[in-house]
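Those letters in the sequence shown? Residues 104 to 767, by my numbering.
Where a beta carbon is used, it is the ideal one built from N, C-alpha and C, also for glycine.
Every value quoted in this text rests on a predicted model; they were computed, and no experiment measured them.
Read through the structure below, which is laid out as structure tokens, and then see the notes.
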Amino acid sequence: MEFGCLAPGAMQSSSVMRRILFLLVCVVASQTSLLQGQPAKLTIDPVQRPIKLGISGALGGQYVLEQSSNPGTANSWEFLLSLTLTESSQSWTDVNSSSAPYRFYRLRALASPSAGAASDFRLIDHQGMSRELNYYSTARVVVLIFVNGLDSVTPSSLAAIKTLNDNFNSQGALFWMIDANPQSDRAGTAALAKARGVDWPVLHDRAQIVAREFGVTTVPEAIAIDTADWSIFYRGAIDSRAGAGNAQDYFAVALENFLAAKPVTFNRTRPEGATITFPPSKAISYSVEIAPLLKEKCLSCHSPGNIAPWAMTNHAVLKSFSASIKQEVLAGRMPPWHADPVHGTFLNDASLKPAEASLLLEWIASGAPRGDGPDPLADSFATQPPPKDYTNAWPAELGQPDHVISIPAQSLPTSGEIPYRYLSVVLNLPSNVWLRAAAVVPGNTRAVHHALVFNGTLVDFVRSGGGLSGYFAAYVPGAKATAFPEGTGKLLPKNATLTFQMHYTATGHPETDQTRLGLYFMKSPPPFELKTGAAATLLLAIPPGEPEYESAAQVMLSLNKDVWLYELAPHMHYRGSRFKFEAVYPNGTSEVLLSVPKYDFHWQTLYRLAQPKRLPAGTIVRCRGAFDNSLQNPDNPDPGVTVRFGEQTDDEMFIGYMNYAVIQ
104 MEFGCLAPGA MQSSSVMRRI LFLLVCVVAS QTSLLQGQPA KLTIDPVQRP IKLGISGALG
164 GQYVLEQSSN PGTANSWEFL LSLTLTESSQ SWTDVNSSSA PYRFYRLRAL ASPSAGAASD
224 FRLIDHQGMS RELNYYSTAR VVVLIFVNGL DSVTPSSLAA IKTLNDNFNS QGALFWMIDA
284 NPQSDRAGTA ALAKARGVDW PVLHDRAQIV AREFGVTTVP EAIAIDTADW SIFYRGAIDS
344 RAGAGNAQDY FAVALENFLA AKPVTFNRTR PEGATITFPP SKAISYSVEI APLLKEKCLS
404 CHSPGNIAPW AMTNHAVLKS FSASIKQEVL AGRMPPWHAD PVHGTFLNDA SLKPAEASLL
464 LEWIASGAPR GDGPDPLADS FATQPPPKDY TNAWPAELGQ PDHVISIPAQ SLPTSGEIPY
524 RYLSVVLNLP SNVWLRAAAV VPGNTRAVHH ALVFNGTLVD FVRSGGGLSG YFAAYVPGAK
584 ATAFPEGTGK LLPKNATLTF QMHYTATGHP ETDQTRLGLY FMKSPPPFEL KTGAAATLLL
644 AIPPGEPEYE SAAQVMLSLN KDVWLYELAP HMHYRGSRFK FEAVYPNGTS EVLLSVPKYD
704 FHWQTLYRLA QPKRLPAGTI VRCRGAFDNS LQNPDNPDPG VTVRFGEQTD DEMFIGYMNY
764 AVIQ
């Protein structure tokens with residue numbers, strides 16, 4: 104390491120002399136960097152106040168400027184900024200120097216600049232919309248402005264952000280504000296955003312995992328991301344107005360240069376403001392905290408023979424997948440739960456609570472240590488070996504059914520589109536039965552895309568709208584068969600006909616299937632008969648490339664009697680992007696029952712309310728949603744076609760299913 108000290112320059116007055124005599128300006132560089140060209144050099148303007156520094160060195164060289172009030176003390180150097188010399192010399196004004204009796208500076212040349220892409224993440228904004236970073240690759244820049252609550256942003260900072268958004272949004276810069284205050288309230292943020300004229304999304308980082316991932320500790324801090332490679336080309340202060348005088352618009356200049364394809368000089372500055380309060384760090388126990396959490400949230404899929412691509416069988420396996428776990432949690436893909444937590448509480452909520460997500464990612468960041476104690480994951484499989492094939496087993500929660508119905512064996516072609524198959528089976532039960540559950544188990548999960556069972560003949564099915572009014576039982580991707588809601592059951596006549604709608608997909612190999620329906624009997628009639636209804640529309644014409652095609656449908660479950668609402672299930676295909684259920688009451692008020700801001704066709708969840716919702720007679724359930732037929736949708740089969748209603752997955756549907764009971 105080579106050091107060089109520079110004299111501060113000529114003194115212009117006794118007061119200036121007194122101040123400057125306490126200034127030590129040092130240059131620190133690696134030998135490798137010094138050999139590349141002109142040595143790094145710092146100079147001071149002897150008159151300018153606040154202190155103005157001159158920085159010169161190798162063209163294209165990257166440097167870090169630091170300051171200290173007592174360089175003899177260990178760990179006293181503080182980061183000020185990092186820069187790339189786009190000219191042979193640059194100047195920078197330390198707006199905070201006027202208040203310091205002593206100020207020492209040093210410049211470090213970086214032999215190898217830091218690199219790495221910004222992590223993908225997904226959050227919900229103040230209007231309930233899902234925002235995922237990597238989706239917006241068509242923007243030139245994504246700007247993240249981290250704050251600790253919208254109410255904490257000063258009027259001057261908000262004005263600066265508005266100016267930046269107004270000036271650069273039309274040039275391809277997309278602005279997001281990230282609220283890292285766990286206590287922020289969606290409704291309060293939305294009202295405040297409207298009152299203060301905020302016209303960009305305010306995303307709520309309730310678990311603070313995005314702020315941690317980006318290393319944000321002081322706010323406001325701006326981070327500008329180049330979507331070409333997701334690299335960060337600027338982070339730090341919005342401007343220097345937090346200091347006294349000589350405002351320097353670091354961020355605006357960085358954006359202007361980047362969008363003009365010019366080099367960015369000041370690529371990191373020190374943000375000035377409030378400190379984000381994170382939960383205190385602690386030693387996290389894998390045995391006591393992490394393994395039980397994953398056992399509860401993940402093992403239903405991540406078990407040997409189950410539907411997940413890998414099984415959480417012990418700590419060693421978990422650690423090897425820890426980076427992948429972090430990516431999936433940040434991007435909101437795992438655990439697969441898509442309901443907006445602001446609307447409704449659900450019995451089968453599989454999501455990680457904010458504190459749980461924070462705990463898990465902090466453990467991964469610490470190296471995913473094994474620690475002391477037993478391994479609950481390994482122990483659970485040692486004491487309770489899983490079935491060889493979960494996908495063909497009856498649900499463990501239900502056990503063996505009382506009666507099993509099988510469709511005739513089906514032979515499937517190796518390729519091409521397979522039309523829906525409708526297969527009717529007549530029951531021969533000794534008497535009418537009440538069911539506590541009905542489970543559809545596919546005989547071949549490679550080929551069965553979904554199976555719906557309807558009560559009635561094929562003629563009845565057609566007369567009832569082809570399944571748009573509801574179904575009797577179902578197997579769909581991501582859904583799990585469970586007992587019907589407490590206090591309910593379904594009545595099945597002894598000579599009933601059940602019609603199976605089988606949707607198969609070709610796998611490239613000869614396949615066969617014999618799907619089964621398991622019936623679970625009740626000993627006595629329940630208080631309420633469970634029914635399935637739906638709000639649906641056939642009027643779909645999604646234009647090619649359209650990212651936001653909205654659709655709506657509504658239904659009145661009962662005109663004259665109140666109903667208990669138990670479960671909700673949105674259904675769309677690959678282009679479905681969001682879905683919302685809303686109750687419109689007879690008195691004109693309304694309430695969101697369920698919002699799914701990021702619909703995922705691969706996980707068609709049946710959302711069971713934690714407490715049944717009583718809907719007054721005449722209540723209308725309105726469903727609203729949208730489709731994404733653009734290139735940005737990674738599941739889109741073909742963005743270049745107009746998409747209409749149809750049964751195949753490359754067609755579309757818009758159906759809101761509801762399980763309910765009429766209160767007699």
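Problem - Exposure of SER287, with buried meaning 16 or more beta-carbon neighbours within 10 Å - result: buried
Handout entry: Cα-Cα separation, ALA419 to PRO498
Key = 28 Å
Practice task
Mind checking who ASN251 pairs with in its DSSP beta bridge?
Solution key: Residue pairing by DSSP places ASN251 opposite no residue, since no beta bridge is assigned to it.
Handout entry: Cβ pair count under 8 Å reaching 3, the segment 462-481 against the segment 579-586
Key = no
Exercise for the section: State the DSSP-derived secondary structure class of TYR238, mapped to helix, strand or coil. Expected result: helix
Handout entry: Separation of GLY502 from TYR623, as counted between CA atoms
Key = 9 Å
Problem - ALA512 versus ASP616 - alpha carbon distance - result: 6 Å
Exercise for the section: Compare the C-alpha of ILE281 against each of ALA310, SER259, PHE249, ALA296 and name the closest. Expected result: The shortest Cα separation from ILE281 among ALA310, SER259, PHE249, ALA296 belongs to PHE249.
Handout entry: Presumed contact (8 Å Cβ cut-off) between TYR688 and PRO719, rounded CB distance
Key = Rounded to whole angstroms, the Cβ separation of TYR688 and PRO719 is 6 Å, and the two are in contact under 8 Å.
Exercise for the section: Sort SER334, LYS265, LEU145 by Cα distance to ALA212 and report the nearest one. Expected result: LEU145
Problem - Cβ-based burial, THR486 [other Cβ within 10 Å; buried from 16] - result: By the neighbour-count rule (16 or more Cβ atoms within 10 Å), THR486 is not buried but exposed.
Handout entry: Backbone secondary structure at ASP563 - three-state DSSP
Key = Note: ASP563 maps to helix in three-state DSSP.
Exercise for the section: Starting from the C-beta of GLU651, find all residues in its chain whose C-beta is less than 6 Å away, skip the five residues before and the five after it, and write them out in chain order. Expected result: ALA729
Practice task
Return the CA-CA distance between ALA386 and MET437, expressed in angstroms with no decimal places.
Solution key: 24 Å
Handout entry: Continuous alpha helix (DSSP H) stretch holding PHE587: start and end
Key = Counting along the chain, PHE587 falls outside any alpha helix (DSSP H), and DSSP gives it neither H nor E.
Problem - Unbroken beta strand (DSSP E) run spanning ASN558, endpoints - result: 551-558 is the span of the beta strand (DSSP E), which, as asked, contains ASN558.
Exercise for the section: Return the chain-ordered list of same chain residues with a C-beta closer than 6 Å to the C-beta of GLY546, the five sequence neighbours on each side being excluded. Expected result: ASP616, GLN617, THR618
Problem - ASN762 (DSSP reduced to helix, strand or coil) - result: strand
Exercise for the section: Run the CB neighbour count on GLU399, radius 10 Å, all protein chains shown included, and call it buried at 16 or more, exposed below. Expected result: exposed
Exercise for the section: Would you check if there are 3 or more beta carbon pairs closer than 8 Å linking the segment 228-235 to the segment 306-313? Expected result: yes
Handout entry: Nearest-angstrom Cα separation, counted from PRO596 out to GLU632
Key = 13 Å
Problem - Span separating the alpha-carbon of ASP356 from that of PRO204 - result: Rather than Asp, the amino acid found at residue 356 in this sequence is Val. Spanning the two alpha carbons is a distance of roughly 31 Å.
Exercise for the section: Can you check DSSP and say which residues form a bridge with GLN513? Expected result: Answer by DSSP bridge pairing, in chain order: ASP616.
Handout entry: Residue(s) in a DSSP beta bridge with PHE716
Key = The question names Phe, but residue 716 is Lys in the sequence shown. Answer is LEU668.
Exercise for the section: With a threshold of 16 other CB atoms inside 10 Å of the CB of ASN690, please say whether the residue is buried or exposed. Expected result: exposed
Exercise for the section: Work out the CA separation of ALA434 and LYS422 for me, nearest whole Å. Expected result: 19 Å
Exercise for the section: Could you tell me whether the segment 733-753 touches the segment 677-684, using the rule of 3 or more Cβ pairs below 8 Å? Expected result: yes
Handout entry: Counted within 10 angstroms of its Cβ, other Cβ atoms place LEU138 as buried (16 or more) or exposed
Key = For LEU138, the pLDDT reaches just 32, beneath the cut-off of 50, and the residue's location in the model is therefore unreliable, leaving the point undetermined.
Exercise for the section: Take GLY636 and list the residues in its own chain whose beta-carbon comes closer than 7 Å to its own, dropping the five residues that flank it on each side. Expected result: These residues qualify, in order along the chain: SER572, GLY573, VAL658, LEU660, MET761, TYR763.
Handout entry: Coarse secondary structure for LYS683, derived from DSSP in three states
Key = strand
Exercise for the section: Classify TRP466 as helix, strand or coil using the three-state DSSP reduction. Expected result: helix
Practice task
Buried or exposed for TRP413, please, with buried defined as at least 16 other CB atoms from any protein chain shown within 10 angstroms of its CB.
Solution key: exposed
Handout entry: Closest by C-alpha distance to TRP440, when choosing among LEU156, TYR166, GLY749, PRO700
Key = PRO700
Problem - Beta bridge counterpart(s) of MET659 as assigned by DSSP - result: ILE723
Problem - Short Cβ contact (8 Å threshold) for PRO629 with GLN707 - result: no
Problem - Residue environment, SER406, which counts as buried when at least 16 other CB atoms sit within 10 Å - result: buried
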